[in-house]
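>
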Amino acid sequence: QYSMPLGTGDIRNRKPRYKSYDTHLYGLDENLKEKKKSYRSLIGLSTTDTYNLIGLTIIAFFVRLYQIDYPTSVVFDEVHFGGFAAKYIKGKFFMDVHPPLAKLLITFAGVLGGFDGNFTFNGIGMDYIEPKVPYVIMRLVSGILGVLVIPIAYLTIKLAGFSTIAAFLVSSLVIFENGLITQSRLILLDSPLVAFTAFTVLMWVKFLNQEKRPFELWWWVWLAMTGVGLGLTVSVKWVGLFTIAFIGLSTISGLWRLLGDLRVTPALFLKHFIARALCLIIIPIALYLSFFVLHFAILPNSGTGDGFMSSEFQQTLRGHGMQDMPLDIAFGSSVSIKHVNTQGGYLHSHLHNYPTGSKQQQITLYPHKDDNNLWIIQNETDPEVPFSETDPIWIHHNDVIRLNHAITKRRMHSHDVRAPVTDADYQNEVSAYGYDGFPGDANDFWRVEITDYDKSDPESRERLRTLHTKFRLYHVITGCYLYSHKVKLPDWGFEQQEVTCVKNGHYPNTIWYIESNSHPKLPDDAEKVNYRKPGFLKKFLELNKVMWTTNSGLTDSHPYDSRPLSWILLTRGINFWSKEHRQIYLLGNPLVWWSSAFAILIFIIAKSIIILREKRGYKDHLDVASVYVFTIFSPIIYGGSWTKSDCQKAKWISTWDFECQTYHDKYEDYLTSRNIIVKESDITVNGSNIVANESNIVVNELNISGNGSNIDVNESNATENSQESTIDHVFKEEPFVEKVATIVSSIVLYVINKADSISETNVSSIPYQYNLRLKRPTQINKRYDYIIETIPANTSDPSLPLNSTQLVKLAELISRSLKLDTPGYYEVQEYKYVPNTSKYTKYLTVIGKFEHWISFGWGPPVIISFTNSTPTSDDPLELKLCEYKLTWTILLNGHISRKCQKKGEKDYVQVSYVKGESIFATSFFGFKFYSPDQSSNFGHINGIHLFDMNARAIYVEQNAPFPPIIPALFAAYFDFIESS
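Under the working numbering, read the sequence shown as residues 794 to 1773, first letter to last.
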């Protein structure tokens, strides 16, 4: 009835209101399934993607692992995680707030490297070299996993349905993310965490791609591998629970859609639910448990973590065996009393007094077994009663007792005096008080209140029994309870745990029990008791509870910490290491972090610009900018050399607290501080003798022939500014062969850069009319070299070669494409002819360079400066003493700005507007140079001649507010930006 074609706007051609489901998605209509075996490509990438993946991985390998052996000393949390590896190897139990997987991987690497566990990792800066610690292979655990994040990121973005460009961009940003690089180079847990998290997301993407083929082989593979990833992630750090939450929410969403489809039977829904529960719950839990099985098996001995665990747990460790103790407790028993809730240890006293308060003898909680933990339980009225009776007298609920310290003979005492550290009205001091002949007073009286008992021992409910009875001690006079909490005494209390008497305090902190017991009246065959050794599951639950409690208690600030609010805007990093005028400082790549934090806003703005530029045929890549930002902060990643001034320039935010005073003032100072000596070595490059002696790379009597010119460079020091970045890595601590190779390559690069360079300078004397010609039709790194020649030849000018009948070369514009540390670098080298001869001398007169690498518009600004610093007669306006800036506008029109101190220009002042002679962004049709208001014409560049397409004529008016060389540089940089 309707003959209208689709897409013409007829409302009847809209999509149906309800989505048509593919029955194959939920495993319906089994008879319609393909009979052949389902196959799902593991990667399924094009050739281009494969090449990209390989190339990015290779780059990541070098970026992550470059000089991973430096620093050669302990850095930041290597103190902890390297130390845990040593404890694993020694089998000594420790407690850490993180699960064991990453620490086990680090330990395994150490064992492969021959680590014996004797190095303790006790402090930042401890040397690795002398004790022969295989720290490099231990760092490689983080390094290799850090490298693997890059191909995983690429595959995730690509397989999620995004473009190759998007995958390339994301992977590039991850490669050059400074924070990830720093974490990937040290013995830390963060790199394994990121790698396993990325792996989990990749597997989940693969599973979602397979959803239309439920219960087939690859559907099960990707679902199960997602579960494996979840197990690995949460076994490194509990922050992996956020990954579990992400996958869990996605799973719930999928199940909800299934539940709402009436065509999915309850049996089929249950099948989907069980499959996901098996793979996403059971597999992660099984993996998590298995790593703790391995953890307990490797740590059978007593160690530094004992004090965190219960006495029952400690009995499973070698060195903690306790002999059986009499079960019954009577007046006169010598006992050790242990605190239940804090695991802080035993009720303890020693011959040291409080410096404040009553200044009586200290009573503390001490975590180790000691004779000072022993107390004798005495009767309220007559201490000798137990020993005068025939049978022992048991201690029942509500009995009043006194506790006499077995070593110092002083009784546990409390009074209305504030506690030594917790100075609160409801906290009273607990002390040991008394002396020979003193019978004591009522402040020594404590009433026993039984609160819990062992159900297998009914007697322990009515009276005190070793291990089985939990009780409180109520101070009869002041009405407070014996109490302890996780507050440490200062140095005068040996950092032992504070014991007080509290009114209305936290109930669990007032619970105690008796661990050891002896009594002279008890027979040898008296009933005895010991701890019940817990099984694996009970140990696992207790350790995880302690990990959670300890982690929750880590709330104290630290001078080098950074808080979550500072992460969003990257307002502060973390100082990892500082030594030898170098430092390592954890700081993310500002471009990556800031663009991520403001992703939505930046996306709208950047996408709008990119769309406009795409219409003009340009392609923009954020990854180039991230590489540049990465290089700025690389010295604090690799612990490289830096100067104070460069360090200060890199402090984009005042809250970044890396220490610039650590560094030398000049790069050459690193030469003297790192005496790498290559003596009496002669390296010949194209007939050039280069001697590297005592850390100075000296180019001696260097004769280089190029372009008909002989350049003499005598005793040129390789530490000049242009070479700082190329030889800096010479000073790294590398094997001797690598050092020599590094020196040779640096010298070769130095020679290449110096082959057509000159150091002698002079004033620019380019005429107002000249030709600008390409030196060769090819380019290096998008940059061309140019020749400036006379137009036309003027043989009457004595400054030009005698009897010249051809165009005469006046200057060259040399592209320094190898100067990666100075972007867009150009030199103008002018030929100064000896009058009435054909001889000349070449001088450096002008330098141009980009102000920075980054540009979100039409090209970075260009800064142009003249080497001459003295006024000359041919420059009455002294224009050649000024500095100039070239900037670009839409369609690559531009402005010339000038800054001249002698003219009172403290900042750049626009002096000319440059307009292209075509609406197209090309120099083919030439340019005109106007005044800023376009009322005056200062000159022009002709379009390219049809019969000589390598040259264009330039004319500059003598009243122009800029020297004649400026238009030539404008054209050169225009060509560079256009070709890029």
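All C-beta atoms in this analysis are idealised placements derived from N, C-alpha and C, irrespective of residue type, glycine included. The structure displayed is predicted, hence computed values, not measured ones.
Quick one: give me the first and last residue of the alpha helix (DSSP H) that Cys1440 is part of.
1437 to 1442
> Tell me, to the nearest whole angstrom, how far the beta carbon of Leu982 is from that of Phe874; I am working on the premise that it is less than 8 Å.
6 Å
> So, for Pro927: in the same chain, excluding its five sequence neighbours on each side, which residues have a beta-carbon less than 7 Å away from its beta-carbon?
Gly903, Gly906, Gly907, Phe908
> Which residues share a DSSP beta bridge with Met1118?
DSSP output for Met1118 lists Val1322 as bridge partner(s).
> Mind checking who Val1295 pairs with in its DSSP beta bridge?
The partner list for Val1295 (beta bridge, DSSP) reads Gln1220, Tyr1274.
> Pick from Ile1122, Leu1380, Phe1106: whose alpha carbon is nearest that of Trp1370?
Leu1380
> Can you grab the Cα-Cα spacing for the pair Ile1758 / Ile1559, in whole Å?
When rounded, the distance between both Cα atoms is 6 Å.
> Taking DSSP as the reference, what is the three-state secondary structure of Lys1459?
coil
> Using a Cβ-Cβ cutoff of less than 7 Å, which residues in the same chain neighbour Ile1130 once the five nearest sequence positions on both sides are dropped?
Tyr1139, Leu1140, Trp1168, Trp1305, Ile1307
> I'd like to know if the stretch 991 to 1009 and the stretch 940 to 948 are in contact, where contact means that at least 3 CB-CB pairs between them fall below 8 Å.
yes
> Check whether the Cβ atoms of Tyr1677 and Arg1691 lie closer than 7 Å to each other.
In this structure, the beta-carbon distance from Tyr1677 to Arg1691 falls below 7 Å.
> Buried or exposed for Ser1728, please, with buried defined as at least 16 other CB atoms from any protein chain shown within 10 angstroms of its CB.
Classification of Ser1728: exposed, given that the 10 Å Cβ count is below 16.
> Within 10 angstroms of the Cβ of Trp997, are there 16 or more other Cβ atoms? Answer buried if so, exposed if not.
buried
> Does the CB of Ile1656 have a neighbour CB from chain B at under 7 Å?
Absence of chain B from the displayed structure is noted, only one protein chain being present.
> Do you know whose CA, among Leu979, Val1627, Asn1730, Lys1263, lies nearest Asp870's CA?
Leu979
> With DSSP as the reference, label Phe1722 as helix, strand or coil.
strand
> Using the beta-carbon count (16 or more within 10 Å), is Pro1232 buried or exposed?
Around the Cβ of Pro1232, a 10 Å sphere holds fewer than 16 other Cβ atoms; the residue is exposed.
> Buried or exposed: where does Asp1216 fall if 16 or more other Cβ atoms within 10 Å of its Cβ makes it buried?
exposed
> With a threshold of 8 Å, are at least 3 pairs of Cβ atoms found where one atom belongs to the stretch 885 to 899 and the other to the stretch 1075 to 1094?
yes
> Please return the same chain residues whose Cβ sits closer than 7 Å to the Cβ of Ser1502, not counting the five positions on each side in sequence.
Its pLDDT being 37, under 50, Ser1502 is placed unreliably in this model, and the value from its coordinates should be taken loosely. Result list for Ser1502: Lys1635, in chain order.
> Report the residue ranges of all beta strand (DSSP E) runs contained in full by the stretch 1648 to 1688; include only those spanning at least 3 residues, in chain order.
1655 to 1659, 1676 to 1681
> Report the rounded CA-to-CA distance for Asn1302 versus Ala879, giving the unit in angstroms.
35 Å
> Here's the rule: buried if 16 or more other CB atoms are within 10 angstroms of the residue's CB, otherwise exposed. What is Trp1341?
exposed
> Which of the three DSSP states is assigned to His1733 in this structure?
strand
> Within this structure, are the beta carbons of Phe914 and Val867 separated by less than 7 Å?
yes
> Can you grab the Cα-Cα spacing for the pair Phe1767 / Pro1725, in whole Å?
Each residue's alpha carbon lies about 19 Å from the other.
> At the level of alpha carbons, what is the spacing between Gln1107 and Leu1336?
For the pair Gln1107 and Leu1336, the Cα-to-Cα distance works out to about 11 Å.
> Helix or strand or just coil, what does DSSP make of Asp1209?
Strand.
> Could you give the distance in angstroms between the alpha-carbon of Asn1323 and the alpha-carbon of Ile1200?
25 Å
> Does DSSP put Thr1638 in a helix, a strand or coil?
strand
> For Gly1022 versus Ser984, is the C-beta spacing smaller than 7 Å?
no
> If I'm right that Ala1443 touches Phe1426 with Cβ under 8 Å, what's the distance once you round it to whole angstroms?
6 Å
> From this set, Pro1007, Gly916, Ser1083, Thr850, which residue's C-alpha is nearest Pro892's C-alpha?
Ser1083
> Which partner residues of Ile945 appear in the DSSP bridge assignment?
Answer by DSSP bridge pairing: none, since Ile945 is not bridged.
> Relative to the C-alpha of Phe1720, which residue among Asp1700, Gly1687, Lys1699, Gly1697 is closest?
Out of Asp1700, Gly1687, Lys1699, Gly1697, Gly1687 has the C-alpha closest to the C-alpha of Phe1720.
> Buried or exposed: which applies to Glu1531, given that a residue is buried once 16 or more other Cβ atoms fall within 10 Å of its Cβ?
Low per-residue confidence applies at Glu1531: pLDDT is 43, beneath 50, and the placement is therefore not dependable, though the value from the model is reported in the following sentence. Per the 10 Å Cβ criterion, exposed.
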